[in-house]
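In this note's numbering, the protein residues as written are 6 to 262.
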């Protein structure tokens, strides 16, 4: 996620979640029932540790990608304002995920973003880890976000938690595309390293929180109903001609790096 996220009263509609960049949809899981990252994760890597050396090695490996098509895709993955996340997973899903064609799926992705992202904040706020672009006095693939990222803890990655949660849920909806969706979810998280916004250990921990969120979501009837409705939408979309607006070859080429 980018910046701090907070809950505010929203009358009868329930809690409203806000981000400095945009409004987030209320999630499925009540705030007090979200997975607790403080229970599930340890602290970030310590100074001079082997884990931190691994983080630095992973960061260094992405330096040649700066300015490449892979970095451009990382910038797209950094944008959590819908419809961009729906576009990012459409090729892997095999259908164009839009508010008009797949409204239940579109809404489900918005709500899962909130749940998975908020699940990371116990540890984020406790350790407030400094991000790699700050440590190395560099930039990221999304300069507009940098002032907020400087104040927002790096560990774990909220973007990654959301991306991995999306991959797991979308694979449940469309199991025939599971491998493509899992790969896209992995690539989505790695985009944070490519973007120089997160360390590799942030991304790894984000996947843990995404998986924990999806496991808990299975117990919520509203989520289960949306999954069933989304599956029907996807099946109907698959019966149509592929959407002309999807440039999947270009995305595949970028992610192959």
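Note that the Cβ used here is the ideal one computed from N, Cα and C, for glycine as well.
Collapsed DSSP secondary structure at residue i in the structure displayed
i           : result
residue 5   : Any property of residue 5 remains undetermined from this structure, which presents the chain solely from 6 to 262.
residue 161 : coil
residue 36  : helix
residue 50  : coil
residue 239 : helix
residue 224 : coil
residue 169 : helix
residue 65  : helix
residue 71  : coil
residue 211 : helix
residue 251 : coil
residue 100 : coil
residue 155 : coil
residue 7   : In this prediction, residue 7 scores a pLDDT of 44, lower than 50, which makes its location untrustworthy; the coordinate-derived value is nonetheless stated afterwards. If DSSP states are grouped into helix, strand and coil, residue 7 belongs with coil.
residue 262 : coil
residue 179 : coil
residue 59  : helix
residue 92  : helix
residue 135 : coil
residue 105 : coil
residue 216 : helix
residue 234 : helix
residue 76  : helix
Limits of the unbroken alpha helix (DSSP H) element including residue i
i           : result
residue 122 : 108-123
residue 84  : Note, residue 84: premise wrong, no alpha helix (DSSP H); not H, not E.
residue 2   : The chain is shown only over 6 to 262; residue 2 falls outside these bounds and no answer can be derived.
residue 130 : 126-132
residue 146 : Residue 146 -> no alpha helix (DSSP H), and no H or E assigned at all.
residue 45  : 42-45
Cβ-based burial, residue i [other Cβ within 10 Å; buried from 16]
i           : result
residue 238 : buried
residue 62  : exposed
residue 47  : exposed
residue 202 : buried
residue 68  : exposed
residue 107 : buried
residue 165 : buried
residue 210 : buried
residue 72  : exposed
residue 79  : buried
residue 149 : exposed
residue 10  : In this prediction, residue 10 scores a pLDDT of 43, lower than 50, which makes its location untrustworthy; the coordinate-derived value is nonetheless stated afterwards. Classification of residue 10: buried, given that the 10 Å Cβ count is 16 or more.
residue 155 : exposed
residue 256 : buried
residue 242 : buried
Whole-angstrom C-beta distance between residue j and residue i, which should lie under 8 Å
i           : j           : result
residue 128 : residue 43  : 6 Å
residue 117 : residue 167 : 7 Å
residue 33  : residue 228 : 5 Å
residue 115 : residue 183 : Residue 115 to residue 183, Cβ: 22 Å. No contact.
residue 82  : residue 205 : About 16 Å separates the two Cβ atoms, so there is no contact after all.
residue 162 : residue 134 : About 10 Å; that fails the 8 Å criterion.
residue 74  : residue 252 : With 8 Å as the limit, residue 74 and residue 252 do not qualify as a contact, their Cβ atoms being about 12 Å apart.
residue 103 : residue 88  : 7 Å
residue 219 : residue 173 : 5 Å
residue 98  : residue 222 : Actually they are not in contact, since the Cβ atoms of residue 98 and residue 222 sit about 18 Å apart, beyond 8 Å.
residue 45  : residue 51  : Their Cβ separation, rounded to whole angstroms, is 19 Å, which puts residue 45 and residue 51 out of contact at 8 Å.
residue 132 : residue 40  : In fact, because the Cβ distance is near 17 Å, the residues do not count as touching under 8 Å.
The ligand ATP heavy atom lying under 6 Å from the CB of residue i
i           : result
residue 107 : Judged by which ligands are present, the structure shown has none, so any question about the ligand ATP falls away.
Beta carbon proximity, residue i to chain C, threshold 7 Å
i           : result
residue 207 : Within the model displayed, chain C is absent; a lone protein chain is all it includes.
Is it a yes or a no for the segment 228-242 touching the segment 189-207, going by three-plus beta-carbon pairs under 8 Å? no
Quick test of the definition: if touching needs 3 or more C-beta pairs under 8 Å, does the segment 131-146 touch the segment 178-191? no
For the pair the segment 214-232 and the segment 81-100, tell me if three or more CB-CB distances fall below 8 Å. no
Closer than 8 Å is the cut-off here; do at least three beta carbon pairs connect the segment 140-150 with the segment 114-122? no
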